[in-house]
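Chemist: In this note's numbering, the protein residues as written are 112 to 307.
Structure incoming, see below.
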């Protein structure tokens with residue numbers, strides 16, 4: 112009789128895989144690399160994930176759940192909508208800076224690497240982008256009510272989507288230049304230009 116899955120082993124695989132895939136990319140991170148980093152036998156991998164692509168989708172879900180828990184509450188905190196949105200993206204930029212801008216945005220990285228070739232990953236990316244859109248849209252919408260600080264001539268969902276799309280461009284450029292400048296420009300120029 113096979114042993115039941117161990118949630119701790121699954122968590123270790125996800126954490127090790129997240130670190131490797133974020134640093135090296137999906138293609139350059141082999142199953143053996145991941146299991147070695149997690150300290151589990153290679154054969155254990157497929158007891159937890161049907162395929163390497165399913166694993167990539169699980170890494171994205173794990174990563175986004177962490178961001179939702181730690182950073183999305185900023186969008187519901189005190190302050191104007193514009194201030195909260197700016198603080199949220201500033202906190203994301205701080206995380207990129209903590210990695211010396213070498214890692215970039217995992218959502219953006221895997222969108223480029225697998226978004227057009229892996230249906231499980233594409234499906235998870237769409238789900239994450241929808242959740243991100245929803246969180247930002249709610250914050251934008253709150254700033255469009257009453258004497259709010261967000262422009263009312265454009266739909267909140269359209270503004271939220273444009274923020275994400277512009278952020279991904281800043282993150283990509285920040286990774287290439289290994290500089291905070293694209294993030295600062297996004298915060299100082301793009302966010303106010305889109306929302307005011």
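Even for Gly, the Cβ is constructed at its ideal location relative to N, Cα and C.
Output needed for residue 254: all residues of its chain with C-beta closer than 7 Å, excluding positions within five of it in sequence on either side, in chain order.
Modeler: The residues are 191, 192, 193, 260 and 261.
Chemist: Can you tell me whether residue 163 is buried or exposed, with buried defined as 16 or more other CB within 10 angstroms of its CB?
Modeler: Result: buried.
Chemist: So residue 297 and residue 272 are supposed to be a Cβ contact under 8 Å. How far apart are they, rounded?
Modeler: Not a contact, Cβ separation roughly 15 Å.
Chemist: Sort 294, 290, 241 and 267 by Cα distance to residue 307 and report the nearest one.
Modeler: When only C-alpha atoms are compared, the closest one is 267.
Chemist: Might you give, ordered along the chain, the residues of its own chain that have their beta carbon closer than 7 Å to the beta carbon of residue 151, omitting 5 neighbours on each side?
Modeler: So the qualifying residues of the chain are 120, 123 and 124.
Chemist: Pick from 136, 305, 117 and 302: whose alpha carbon is nearest that of residue 217?
Modeler: Of the listed residues, the one whose Cα sits closest to residue 217 is 136.
Chemist: Which value, in whole angstroms, describes the spacing of the CA atoms of residue 116 and residue 176?
Modeler: Whole-angstrom Cα-Cα distance: 21 Å.
Chemist: Straight-line CA distance for residue 221 to residue 244?
Modeler: So the two alpha carbons sit approximately 18 Å from each other.
Chemist: Specify the secondary structure class of residue 312 as computed by DSSP and reduced to three states.
Modeler: Residue 312 lies beyond the stretch modelled for the chain, which goes from 112 to 307, so this question has no answer here.
Chemist: Quick one: any contact between the region 284-297 and the region 197-209, if contact means 3 or more CB pairs under 8 Å?
Modeler: As far as the Cβ criterion goes, the region 284-297 touches the region 197-209, which means the pair count is three or higher.
Chemist: Figure out for me which residue from 182, 184 and 171 has the closest Cα to the Cα of residue 231.
Modeler: Checking every option, the nearest Cα to that of residue 231 belongs to 171.
Chemist: Please identify the residue among 252, 258 and 132 whose C-alpha is closest to the C-alpha of residue 173.
Modeler: Ranking the options by Cα distance to residue 173, first place goes to 132.
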